[in-house]
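In the working numbering, the protein residues as written are 36 to 342.
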């Protein structure tokens, strides 16, 4: 009798232990599931918001690249102001939201990135509205410092948030040098070189995008590019096949070359920031490089894969 009762107590104890174990396991599973869902929710929200930030940054960059005179700065101020408001809205929404514990470090980095981006854009907006030589000389180092801080903090956040697709290009952070280029005294000799480079790039891109003139395209490529293409058995006759494939589904419809965005990194070389408008993929930006070989010749053209 005692043995039977003892076995009964053991069975009850085992049953209770199993129930407790199942309850604990269920609770742990629920907590992990809730945490996982919370993290996924944050990632989805952040992905949506940063897509908007990337789009806004692209618009600011395009506005900067299109500045040729002081009157063009109104467009920069407008885009910088709009992006500042977008960032402020996102930062405000983050403060109201409950953030997942597993993403605390990432959320903290995002907060720092948003704050430093906002400070950079506020100053860009202010400078673009009232830029003059004296004001820029006083504040250029400050806006460039804010740009460096913003870039470092954004890159730090993006490195942490590996699930995000996209980035902000270096041109976005180059407002100081871009604004300086607009107001600096005119160097006549350099202006003549810029005009020659400007005309060469315009002629090349018109031949590519508007007229599909591969005779002119081939004639305007540097000797180095001719040698590289020859290694791959590409010549003037078959150039158009690979060229069209390189553009892929990003069919170009128009382009923009800004003379104020032409630089000369070395003797006999030039670099030009250009914008291409595509049929389906929006705006593409790139840097075209040229060498002087009895005239300016294209040495790097990223849109067709030679960049």
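Glycine residues also receive a C-beta, built at the ideal position from the N, C-alpha and C atoms.
From the options, residue whose alpha carbon lies closest to that of residue i
i	options	result
residue 249	238, 122, 218, 271	271
residue 229	79, 306, 281	306
residue 95	256, 207, 317	207
residue 282	205, 252, 243	243
residue 130	72, 143, 252	143
residue 201	209, 279, 189, 212	189
residue 300	320, 217, 325	325
residue 187	295, 278, 203, 199	203
residue 234	224, 331, 110, 72	331
residue 285	153, 215, 269, 339	339
residue 133	274, 297, 72	72
residue 209	159, 224, 253, 223	159
residue 333	146, 240, 145, 108	240
residue 382	76, 106, 141, 295	With the chain covering 36 to 342 only, the question about residue 382 has no answer from this structure.
residue 12	213, 185, 75, 255	Only positions 36 to 342 of the chain appear in this structure, which leaves residue 12 out of reach.
residue 79	145, 280, 199, 269	199
residue 104	147, 280, 274, 216	216
residue 151	185, 161, 172, 137	185
residue 323	267, 85, 238, 183	238
residue 181	191, 85, 153, 193	153
residue 112	219, 191, 165, 275	165
residue 123	93, 84, 138	84
residue 314	335, 327, 336, 290	290
Supposed close pair residue i, residue j - CB separation, criterion 8 Å
i	j	result
residue 309	residue 292	5 Å
residue 118	residue 149	Contact doesn't hold; Cβ gap of about 11 Å is too wide.
residue 297	residue 232	5 Å
residue 87	residue 128	That pair is no contact at about 12 Å.
residue 196	residue 109	About 34 Å; that fails the 8 Å criterion.
residue 89	residue 145	Wrong, their Cβ atoms sit about 14 Å apart, outside the cutoff.
residue 218	residue 162	Not quite, the Cβ-Cβ distance comes to about 11 Å (not below 8 Å), so this is no contact.
Strand pairing of residue i, partner residues [DSSP]
i	result
residue 308	322
residue 292	309
residue 297	307
residue 287	313
residue 75	In DSSP, residue 75 forms no bridge with anything.
residue 331	327
residue 208	Looking at the DSSP assignment, residue 208 forms no beta bridge with any residue, so it has no partner.
Minimum length 4: unbroken alpha helix (DSSP H) runs contained in the segment 151-195: 168-195
Given 8 Å, three or more beta-carbon pairs between the segment 85-105 and the segment 313-328: yes
Three or more C-beta pairs below 8 Å linking the segment 257-271 and the segment 160-178: no
Every unbroken alpha helix (DSSP H) within the segment 230-278, with a cutoff of 4 residues, ordered by chain: 249-254, 258-266
Those runs of the alpha helix (DSSP H) which lie wholly inside the segment 74-126 and span at least 4 residues: none
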